[in-house]
DNA sequence: TTGTAGTTTCAGTATATCCTGAAAATACGA
DNA sequence: TCGTATTTTCAGGATATACTGAAACTACAA
C-alpha cells in the first residue's frame with residue numbers, strides 16, 4: 017500500500033515539490049513577458065497552488081526572498097485583488113491566500129488592466145487627436161486619421177472586454193465560441 | 017487663406033510636431049506596461065504616423081537614438097511582422113514602413129503572442145501536470161486540479177483568439193458584440 | 001507602560017535590461 | 001578588383017528595475 021510505505025511517500029513528496037517549483041519558476045518567467053515582475057508572478061503562482069493561506073515568512077522561506085520583497089509584492093497582489101489577506105482569530109500574523117477560480121482571476125486581471133492601461137491609453141490618444149485638431153496639412157490629416165483609427169479600435173476592445181467580464185461567469189465565452197465559425 | 021500664410025503654416029507645423037512627439041513618447045510608455053521595450057514601441061509609433069517609409073538614419077534622427085539601437089529594434093519589429101522593409105530601385109539604402117491597418121496590426125500581435133507566449137505557457141502547464149501525475153497526496157491532488165484548470169483556460173483562450181484572428185477581417189468582433197448582452 | 005510579535009519603509013546595492021559607438025562585415029557600382 | 005555606402009555586431013557603459021536588510025513603526029497583551 018502506497019499510503020503507508022514511508023519510502024514511497026517520501027519519493028512522492030520530492031516529485032511534487034519538483035513539480036511545484038517548476039510551476040512557480042516558469043510562471044515567473046511567463047509573467048515577466050507580460051510586464052509583471054518576476055517575483056510577484058512567483059508569489060502568485062505559489063499561492064495559487066497552495067491549498068491554505070501562507071504567512072509572509074512562509075513565502076520568504078519558499079521563494080528564498082527577503083522580507084521587504086515579499087511584503088511589497090504581497091501588497092501589490094492584494095492591490096490587484098488577486099490575493100486576499102486573512103486574519104485568523106487568536107493569531108496576530110497575517111495570512112495570504114490567492115483567488116483560485118481561474119475565471120475570476122481572469123476577470124480581475126482584465127478589469128485592472130483595462131483600468132490601469134487601456135483607459136489611460138485611450139485618453140492619450142484622444143489628447144493627441146485634440147492637439148492636431150483643425151490642422152490643414154496632409155501630414156496632419158494622416159496623423160489624425162491614424163490616431164483616430166487606433167482610438168476607435170481601443171474603445172471597441174475596451175467595450176468587448178467589459179462585456180466579456182461583466183457577468184463574472186465563464187459561460188459566455190464558450191457560448192460565444194459556437195458562433196465564431 | 018491659411019494655406020498660403022507662411023506664419024500660420026509654421027505655427028501649424030509646430031503644433032503637429034508636438035502632437036506627433038506626444039504620441040510617440042506616450043506610446044513608448046504604454047508599450048512598456050505590456051512587456052515591450054520602450055524604444056521599439058516608439059519606433060513603431062513613429063512609423064505608424066509617418067505616411068512614407070523611413071530610413072534607419074531618419075529614425076535615429078527623429079528619436080535621437082544610436083544606429084545600433086535603431087537597427088536592432090527595426091529588425092525586431094520586422095520579425096514581428098509589424099514593419100516591412102522597402103527597397104527603392106536605384107537606391108541602396110533600406111526604408112521601413114509600418115503596417116497601418118489597425119485590425120491587421122492587432123491580428124499580427126495576437127498571433128505572435130499566441131505563438132511566443134501562450135503556447136509555451138500551455139506546454140509548461142502540461143509539463144507540470146505530467147510531473148505530478150499519479151501522485152496520491154491531497155496536496156498533489158490540489159496541485160493537479162489547479163494546474164489543469166489553468167491549462168484548460170489557456171487552451172480555451174488560445175482557441176478563442178485563433179478564431180477571432182483567423183479571418184483577418186474586423187467584421188467578426190463587432191458582429192459578436194451584439195450577442196454579448 | 002512596557003515588551004514583543006508582526007508590519008512597513010526605504011537607503012543602498014545588486015541585477016537585468018537597454019543603448020551607444022565604433023569596428024567588422026557586406027553589398028554594390030565603377 | 002577596389003572604393004564606398006550601408007548594414008550588422010557586440011563589448012562596454014548607462015539606466016531602469018528589483019531586492020535586501022535593518023531600523024522604524026504599529027498593535028496588542030500583560
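Protein chains in written order, with the numbering used here: chain R, 17 to 197; chain E, 17 to 197. Using N, Cα and C, we set each Cβ at its ideal position, and we do this for glycine too. What you are looking at is a predicted structure, and each value in this text was computed from that prediction instead of being measured.
query = Which class does residue 148/R belong to by DSSP, given the choice of helix, strand or coil?
reply = Residue numbering aside, residue 148/R sits at position 132 when the first chain is read from its first letter. In the structure shown, residue 148/R sits in coil (DSSP, three-state: anything other than H, G, I, E or B).
*Does any CB atom of chain E fall closer than 9 Å to the CB of residue 201/R?*
Outside the displayed span of chain R (17 to 197) sits residue 201/R, for which this structure offers no information.
CA-to-CA distance, residue 133/E to residue 51/E, given in whole angstroms = Taking the second chain and counting its residues from 1, one reaches residue 51/E at position 35. Taking the second chain and counting its residues from 1, one reaches residue 133/E at position 117. One C-alpha to the other measures close to 12 Å.
Assuming residue 205/R contacts residue 115/R under a Cβ cut-off of 8 Å, what Cβ separation, rounded to an integer in Å, is found between them?
Look at the range of chain R in this structure, 17 to 197, and you will see that residue 205/R is not part of it.
Against chain E, does residue 142/R count as a neighbour if the rule is that its beta carbon must be under 9 Å from one of theirs? Walking along the first chain from the start, residue 142/R turns up at place 126. Output row for residue 142/R: interface = no.
Could you check whether the Cβ of residue 96/R sits closer than 9 Å to any Cβ belonging to chain E? The residue labelled residue 96/R in the question sits at position 80 within the first chain. Judged by the 9 Å Cβ criterion, residue 96/R is not in contact with chain E.
- Task: State the start and end residues of the unbroken beta strand (DSSP E) segment that holds residue 48/R.
- Result: If you number the first chain from 1, residue 48/R lands on position 32. Unbroken run through residue 48/R is the alpha helix (DSSP H), 22-49; no beta strand (DSSP E).
Q: Would you verify that the beta carbon of residue 64/E is, or is not, closer than 9 Å to some beta carbon of chain R?
A: One-based indexing of the second chain puts residue 64/E at position 48. Residue 64/E counts as touching chain R.
Backbone secondary structure at residue 18/E - three-state DSSP
Here residue 18/E is taken as the residue at index 2 of the second chain, counted from 1. With a pLDDT of 46 at residue 18/E, under the threshold of 50, the modelled position of this residue cannot be trusted, and the question is left open.
Practice problem: Can you pull the chain E residues whose beta carbon is under 8 Å from the beta carbon of residue 67/R, in chain order? | Solution: As a working mapping, residue 67/R is identified with position 51 in the first chain. Here the neighbours are 154, 155, 158.
Review point. From residue 100/R to residue 94/R, what distance separates their C-alpha atoms?
Key: Position 84 of the first chain holds residue 100/R. Position 78 of the first chain holds residue 94/R. So the two alpha carbons sit approximately 6 Å from each other.
*Consider the Cβ of residue 71/R: report whether some Cβ of chain E lies at a distance smaller than 9 Å.*
What you label residue 71/R is simply residue 55 of the first chain in a count that begins at 1. For residue 71/R, the answer is no, since every Cβ of chain E falls outside 9 Å of its Cβ.
| In angstroms, rounded to a whole number, what distance separates the CA positions of residue 38/R and residue 144/E? | Sequence index remark: in the first chain, residue 38/R carries index 22 (1-based). Sequence index remark: in the second chain, residue 144/E carries index 128 (1-based). When rounded, the distance between both Cα atoms is 7 Å.
message: Is it buried or exposed, residue 202/R, if we count other Cβ atoms within 10 angstroms and call 16 or more buried?
response: Shown here, chain R extends from 17 to 197; a query on residue 202/R therefore has no answer.
Which word fits residue 44/R, buried or exposed, when buried means at least 16 other C-beta atoms lie within 10 angstroms of its C-beta?
Counted from its first residue, the first chain places residue 44/R at position 28. The residue is buried, with at least 16 neighbouring Cβ atoms inside 10 Å.
*What are the uninterrupted segments assigned as alpha helix (DSSP H) that are 4 or more residues long and contained completely in the segment 106-143 of chain R, given in chain order?*
118-129
Inset, instruction - Please state whether DSSP places residue 66/E in a helix, a strand or coil. - result: The residue you call residue 66/E lines up with position 50 of the second chain. Reduced to three states, the DSSP call for residue 66/E is coil.
(Q) By the three-class DSSP mapping on this structure, what secondary structure does residue 52/E have? (A) To locate residue 52/E, count along the second chain from 1; it is residue 36. DSSP places residue 52/E in coil when its eight states are reduced to three.
Q. Is the number of C-beta pairs between the segment 171-181 of chain R and the segment 118-131 of chain R that are closer than 8 Å three or more?
A. yes
**Asked** Quick one: which chain R residues come within Cβ less than 7 Å of residue 118/E?
**Response** Residue numbering aside, residue 118/E sits at position 102 when the second chain is read from its first letter. Near residue 118/E (Cβ distances below 7 Å), the residues of chain R are 165, 166, 169.
Hey, residue 141/R and residue 167/R: beta-carbon distance below 9 Å or not? Within the first chain, numbered from 1, the residue matching residue 141/R stands at position 125. Within the first chain, numbered from 1, the residue matching residue 167/R stands at position 151. Yes.
May I ask you to report which of helix, strand or coil DSSP gives residue 103/E?
-> To locate residue 103/E, count along the second chain from 1; it is residue 87. In this structure, residue 103/E counts as strand in the three-state DSSP scheme.
Just to check my reading of the structure: residue 86/E and residue 72/E have Cβ atoms closer than 8 Å, yes? What is that Cβ distance to the nearest angstrom?
In the second chain, residue 86/E corresponds to position 70, counting from 1. In the second chain, residue 72/E corresponds to position 56, counting from 1. Confirmed, about 5 Å.
Beta-carbon proximity check, residue 36/E vs residue 59/E, cutoff 9 Å | Counting from one through the second chain, the residue named residue 36/E turns up at place 20. Counting from one through the second chain, the residue named residue 59/E turns up at place 43. No, the Cβ-Cβ distance between residue 36/E and residue 59/E is not below 9 Å.
**Study point:** Selected residue, minimal CA-CA separation from residue 169/R, among 135/R, 118/R, 92/R
**Key:** What you label residue 169/R is simply residue 153 of the first chain in a count that begins at 1. For the residues 135/R, 118/R, 92/R, the minimum Cα distance to residue 169/R belongs to 135/R.
For this session: Compare the C-beta of residue 89/R against all C-beta atoms of chain E and say whether one is closer than 9 Å.
Result: As a position in the first chain, residue 89/R is number 73, starting the count at 1. Not an interface residue.
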